[in-house]
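Student: Under the UniProt record's numbering, the first residue of the sequence shown is numbered 1, with each subsequent residue one higher.
The structure follows.
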Amino acid sequence: MEMKSKKKRIAILGGGPSGLFVYTRLVESGSNDFEITIFEKKKELGSGMPYSTEGANIEHITNVSDNEVPHIVSSMSDWIYTAPAELLEQYNIKPDQFNEYKVVPRLLFGSYLAAQFEILRKTGKKAGIATAVHFESTITDINYDIKNQTVTVQTTKGSNHEFDFAVICTGHNWPIRYEGKVPGYYDAPYPPRKLIQHFNHPVAIKGSSLTAIDAIRTMARNNGLFEKDSEDNLKFKLNPESTDFKIMMHFRSGMLPAVRFHLEDSHLSNDSLLTKEEIDLHRKSNDGFLSLDFIFEKDFKEIFIEKDPEFYQRIKDFSIEDFVTDMMELRERLDPFQLLRAEYVQAEKSIKRQESIYWKEMLAVLSFAMNHPAKYFSAEDMQRLQKVLMPLISIVIAFVPQKSCEELLALHQAGVLDLVPVGDDSTVEPQNGGGILYNFVDTNNNQRVCIL
1 MEMKSKKKRI AILGGGPSGL FVYTRLVESG SNDFEITIFE KKKELGSGMP
51 YSTEGANIEH ITNVSDNEVP HIVSSMSDWI YTAPAELLEQ YNIKPDQFNE
101 YKVVPRLLFG SYLAAQFEIL RKTGKKAGIA TAVHFESTIT DINYDIKNQT
151 VTVQTTKGSN HEFDFAVICT GHNWPIRYEG KVPGYYDAPY PPRKLIQHFN
201 HPVAIKGSSL TAIDAIRTMA RNNGLFEKDS EDNLKFKLNP ESTDFKIMMH
251 FRSGMLPAVR FHLEDSHLSN DSLLTKEEID LHRKSNDGFL SLDFIFEKDF
301 KEIFIEKDPE FYQRIKDFSI EDFVTDMMEL RERLDPFQLL RAEYVQAEKS
351 IKRQESIYWK EMLAVLSFAM NHPAKYFSAE DMQRLQKVLM PLISIVIAFV
401 PQKSCEELLA LHQAGVLDLV PVGDDSTVEP QNGGGILYNF VDTNNNQRVC
451 IL
């Protein structure tokens, strides 16, 4: 009698966007010799933290558009025709006017991801793939049995589940240290509904990332009003009860993240990158290591020979250090808001003409291209990557949406938003009575203490 082969047991820990893309690849694999179990701490699959009320309010938007989202089941521009009418009304979206090149509300995007997950589960079932989902199930421990080559997953419900493979897609976590103990102190701006309140005093924000911009957009709406003037410029006006409200954004680099622009390759998967075989061949001649300089030369500089010969002539003799110094020079010299306005204008032209700002796009491509082979860098190259190249990459690939830029500029013009460079050695001291002491050395090398 022929024995049936045992199906592989696969666990996906976390049912947010990462879990969705893993599940997509499994369903599309063409095989059904496995069964899948998904653990999700919330009541919904797909949206995760960033695209649910845990990470967004109605005012928050994505920094990617429909054409930049990897294929799932259907595009957002197709799904929008099937979305609930009340959902579309909430965001004033008309399906026949939906633009696949524009960013969308994050909560709407979360609804799209949730719908895609449900379609995939039905597709998987038809293909003979058994899928079990454990909602409201938080993982507390994972153990790997070397002898039996199995993974045991433990949940808050006290149950243990054994698998052959586990894919960790647990997403974001915000440790709580002082929040709830120190009045006015928040360890993170999420869930953002906690910032829906009136402030009639200065508020300090630590950092200048997209997370910081999320917090700014929420607080601004609850302490003032954005409106267009006669020349269609966005302005901000404080509410009468919030006349002393001000946002002080403290950040190490003294630089704001760069603005979103049109991508020639919307999925950042350039065909000109080094192949696995080319990387392996290089490693054989380099004592098993992958040279960061080699990656920078082949996966970045040489691509401009064809795409942007003028830019190539400018950088062809640059080392990584030279390139970063050259690109940072303007950012360090200009006032951050002056640079933000200039980049906003440049990005608007890029989007309108559907022309990439190619060196920025290729820097984003390079950052993704290094993800897998980075484990082959030497310790010295890994340090160069983290200390020299990554600070520039993290600024350039933030892709701040245009609407967010407009609001930051309006707030600054209204005297409500200021930037405070604090360097790498600043400290924040929560005070028992509420608020904080912010200790830092300013740009003139003077020790400063701000009471906020």
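Cβ atoms here follow ideal geometry from the backbone N, Cα and C, with glycine treated the same way.
Going by the DSSP bridge assignment, what does R9 pair with across the sheet?
Tutor: For the purposes of this step, residue 9 is taken as the residue at position 9 of the sequence shown. E35, per the DSSP bridge assignment.
Student: Whose C-beta lies closer than 8 Å to the C-beta of K228 among residues of the same chain, with five residues either side of it excluded?
Tutor: Position 228 of the sequence shown, counted from the start, is the residue given in the question as residue 228. Listed in chain order, the non-local C-beta contacts of K228 below 8 Å within the same chain comprise L234 and K235, local neighbours out to five positions each way being set aside.
Student: What is the residue span of the beta strand (DSSP E) that S65 lies within?
Tutor: Taking the sequence shown and counting its residues from 1, one reaches residue 65 at position 65. Under the DSSP assignment, S65 falls in the beta strand (DSSP E) whose first and last residues are I61 to S65.
Student: Quick test of your reading: I247 and N222, contact by CB under 8 Å. State the CB separation rounded to the nearest angstrom.
Tutor: The residue you call residue 247 lines up with position 247 of the sequence shown. The residue you call residue 222 lines up with position 222 of the sequence shown. About 12 Å separates the two Cβ atoms, so there is no contact after all.
Student: Tell me which same chain residues have a C-beta within less than 6 Å of the C-beta of G434, skipping the five on either side of it?
Tutor: Along the sequence shown, one-based indexing puts residue 434 at 434. Closer than 6 Å at Cβ, skipping near neighbours: P183 and G184.
Student: Look at L290 and A369 and say whether their C-beta atoms are less than 7 Å apart.
Tutor: The residue you call residue 290 lines up with position 290 of the sequence shown. The residue you call residue 369 lines up with position 369 of the sequence shown. Not a contact, by the Cβ cut-off of 7 Å.
Student: For the beta strand (DSSP E) containing K235, list its first residue and its last residue.
Tutor: On the sequence shown, residue 235 is found 235 positions in, with the first residue counted as 1. Note, K235: beta strand (DSSP E), L234 to L238.
Student: Please name the residue, chosen from D244, K8 and L385, that lies closest to G415 on a Cα-to-Cα basis.
Tutor: Translated into positions along the sequence shown, residue 415 becomes position 415. With distances taken between Cα atoms, G415 lies closest to D244.
Student: Under 6 Å Cβ to Cβ from residue 453, same chain only, skipping five residues before and after it: list those, please.
Tutor: Residue 453 falls outside the range modelled here, since the chain spans only 1 to 452, and no answer is possible.
Student: Name the DSSP beta bridge partners of H134, please?
Tutor: Walking along the sequence shown from the start, residue 134 turns up at place 134. Answer is F39, bridged to H134.
Student: Output the distance between the C-alpha atoms of D308 and V103, rounded to the nearest integer angstrom.
Tutor: Within the sequence shown, residue 308 is the residue found at index 308, counting from 1. Within the sequence shown, residue 103 is the residue found at index 103, counting from 1. Their Cα atoms are separated by approximately 28 Å.
Student: Check for me: the beta strand (DSSP E) holding D299 runs from which residue to which?
Tutor: Taking the first residue of the sequence shown as 1, we reach residue 299 at position 299. Segment L292 to D299 is the alpha helix (DSSP H) holding D299; no beta strand (DSSP E) there.
Student: Could you check where the alpha helix (DSSP H) with K360 kicks off and where it finishes?
Tutor: Locating residue 360 in the sequence shown gives position 360, where the first residue counts as 1. Per DSSP, K360 belongs to the alpha helix (DSSP H) from Y358 to A369.
Student: Rank T62, F399, S74 and V428 by C-alpha distance to the C-alpha of L263 and give the top, closest one.
Tutor: For this step, residue 263 is matched to residue 263 along the sequence shown. For the residues T62, F399, S74 and V428, the minimum Cα distance to L263 belongs to F399.
Student: Given that a residue counts as buried once 16 or more other Cβ atoms are within 10 Å of its Cβ, and exposed if not, what is V345?
Tutor: For this step, residue 345 is matched to residue 345 along the sequence shown. So V345 ends up on the exposed side.
Student: Can you give the Cα-Cα distance for N99 and D66, rounded to whole angstroms?
Tutor: On the sequence shown, position 99 is the one that residue 99 refers to. On the sequence shown, position 66 is the one that residue 66 refers to. So the two alpha carbons sit approximately 8 Å from each other.
Student: Per DSSP, what kind of secondary structure is K122 in: helix, strand or coil?
Tutor: Here residue 122 refers to the residue found at position 122 of the sequence shown. It is helical.
Student: Measuring straight from C-alpha to C-alpha, what distance separates S18 and V64?
Tutor: Position 18 of the sequence shown, counted from the first residue, corresponds to residue 18. Position 64 of the sequence shown, counted from the first residue, corresponds to residue 64. Going by the C-alpha atoms only, they are around 15 Å apart.
Student: Helix or strand or just coil, what does DSSP make of F168?
Tutor: Against the sequence shown, residue 168 aligns to sequence position 168. The sequence given here has Ile at residue 168, not Phe. Three-state result, I168: strand.
Student: Along the chain, where does the alpha helix (DSSP H) containing K349 start, and where does it finish?
Tutor: Looking up residue 349 in the sequence shown gives position 349. P336 to R353 is the extent of the alpha helix (DSSP H) around K349.
Student: Three or more C-beta pairs closer than 8 Å, one from the stretch 43-60 and one from the stretch 161-176: is that the case here?
Tutor: yes
Student: Whole angstroms are fine: how far does the CA of N143 sit from the CA of K276?
Tutor: As a working note, residue 276 is residue 276 in the sequence shown. As a working note, residue 143 is residue 143 in the sequence shown. Looking at the two C-alpha atoms, the distance is approximately 32 Å.
Student: Which class does H412 belong to by DSSP, given the choice of helix, strand or coil?
Tutor: For the purposes of this step, residue 412 is taken as residue 412 along the sequence shown, with counting starting at 1. For H412, the three-state secondary structure derived from DSSP is helix.
Student: State the Cα-Cα distance for the pair G128 and E321, rounded to the nearest angstrom.
Tutor: Here residue 128 is taken as the residue at index 128 of the sequence shown, counted from 1. Here residue 321 is taken as the residue at index 321 of the sequence shown, counted from 1. The alpha-carbon atoms of G128 and E321 are separated by roughly 53 Å.
Student: Let me know the secondary structure DSSP gives E278 once reduced to three states.
Tutor: Taking the first residue of the sequence shown as position 1, residue 278 is located at position 278. Three-state result, E278: helix.
Student: If you run the structure through DSSP and keep just helix, strand and coil, what is V324?
Tutor: Along the sequence shown, one-based indexing puts residue 324 at 324. In this structure, V324 counts as helix in the three-state DSSP scheme.
Student: Nearest by alpha-carbon distance to Q149: which of N160, T156 and D164 is it?
Tutor: Residue 149 sits at position 149 when you count from the first residue of the sequence shown. For Q149, the nearest C-alpha among the options comes from D164.
Student: Select from F311, A258 and T140 the residue whose C-alpha is nearest the C-alpha of Q338.
Tutor: Taking the sequence shown and counting its residues from 1, the one referred to as residue 338 is at position 338. That would be A258, whose Cα lies nearest to the Cα of Q338.
Student: Can the beta-carbon of L225 be found closer than 7 Å to that of K237?
Tutor: In the sequence shown, the residue the question calls residue 225 occupies position 225. In the sequence shown, the residue the question calls residue 237 occupies position 237. For L225 and K237, yes; Cβs fall inside 7 Å.
Student: Taking its Cβ as the centre, do 16 or more other Cβ atoms sit within 10 Å of T156, making it buried, or is it exposed?
Tutor: As a first step, residue 156 must be located in the sequence shown, where it is residue number 156. That one is exposed.
Student: At the level of alpha carbons, what is the spacing between S319 and D293?
Tutor: Reading the sequence shown from its first residue, position 319 is the one you call residue 319. Reading the sequence shown from its first residue, position 293 is the one you call residue 293. Those two C-alpha atoms are separated by around 8 Å.
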